[in-house]
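Undergrad: Here it is: the structure, laid out below.
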Amino acid sequence: MTQAANDPGAGDTLGELTHWFFDDYLSRYVSVVSGTRQEGPEFILDYWACPLHVSSPRMNRWLSQPRDVVGMLTGTQARLRRAGYTHTVVADSRVAVFHPGGAAIEVVWSRRAGQTEIERLAVHFQVVRTGVGWRAIAIQELDTAARSLDEVWPIHRGQDRDRAAAAPHAGGIRATGRSGS
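Mapping of the sequence shown onto the numbering used here: position 139 corresponds to residue 167, and the numbering continues sequentially without gaps.
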């Protein structure tokens with residue numbers, strides 16, 4: 029599912045951003061990391077900003093130097109190559125355009141070696157338009173077995189907000205304050 033703000037230019041931004049992420053970034057990422065494209069990990073600086081904040085259950089840190097950002101990809105690339113990585117299947121995705129210079133992209137993707145799943149991740153990218161194009165400025169990721177973003181982060185489903193506070197899972201929140209009634 030894809031969403032855009034109620035803004036006449038949001039559709040254009042949505043199309044541009046969707047192309048940048050799924051056709052350009054993901055395609056290049058897969059080909060470099062799988063080894064079908066002979067290019068070093070420095071390519072990631074065309075997509076990830078520096079500084080970059082990265083958060084998962086295993087880490088929460090700022091990558092403040094380009095070498096740190098490249099180093100993160102180098103570690104991921106080595107791990108995936110050892111596992112025989114060939115491609116990524118996007119199980120679910122959502123793009124939210126906040127304004128012409130800011131958006132969020134969420135995906136559930138399955139990284140694979142042939143038909144075998146190596147890992148499944150839910151990832152949230154906070155992205156901004158810079159002078160040199162779109163860049164991710166923050167990445168949140170979570171290992172998951174879910175097929176959909178709604179399974180991972182049910183907070184995004186309005187009808188489940190109250191239930192999300194009661195169920196222990198990633199993305200659960202407790203609503204506070206008064207209702208609008």
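C-beta: ideal position from N, C-alpha, C; glycine also.
Since residue 42 and residue 123 should fall inside the 8 Å C-beta cutoff, what is the C-beta to C-beta distance between them, to a whole number of angstroms?
TA: 6 Å
Undergrad: Tell me whether residue 176 sits in a helix, a strand or coil according to DSSP, three-state version.
TA: Of the three classes helix, strand and coil, the one that applies to residue 176 here is coil, per DSSP.
Undergrad: Can you list, in chain order, the residues of its chain whose CB lies under 8 Å from that of residue 105, leaving out five sequence neighbours each side?
TA: 60, 61, 69
Undergrad: Tell me whether residue 121 is buried or exposed, calling it buried when 16 or more other Cβ atoms sit within 10 Å of its Cβ.
TA: buried
Undergrad: Which first and last residues belong to the beta strand (DSSP E) in which residue 131 is found?
TA: 130-141
Undergrad: Tell me whether residue 150 sits in a helix, a strand or coil according to DSSP, three-state version.
TA: strand
Undergrad: Compare the C-alpha of residue 111 against each of 84, 176, 160, 141 and name the closest.
TA: Answer by Cα proximity: 141.
Undergrad: Between the C-alpha atoms of residue 170 and residue 117, what's the straight-line distance to the nearest angstrom?
TA: 16 Å
Undergrad: Measuring straight from C-alpha to C-alpha, what distance separates residue 164 and residue 64?
TA: 24 Å
Undergrad: In terms of residue numbering, what span does the beta strand (DSSP E) encompassing residue 84 cover?
TA: 76-84
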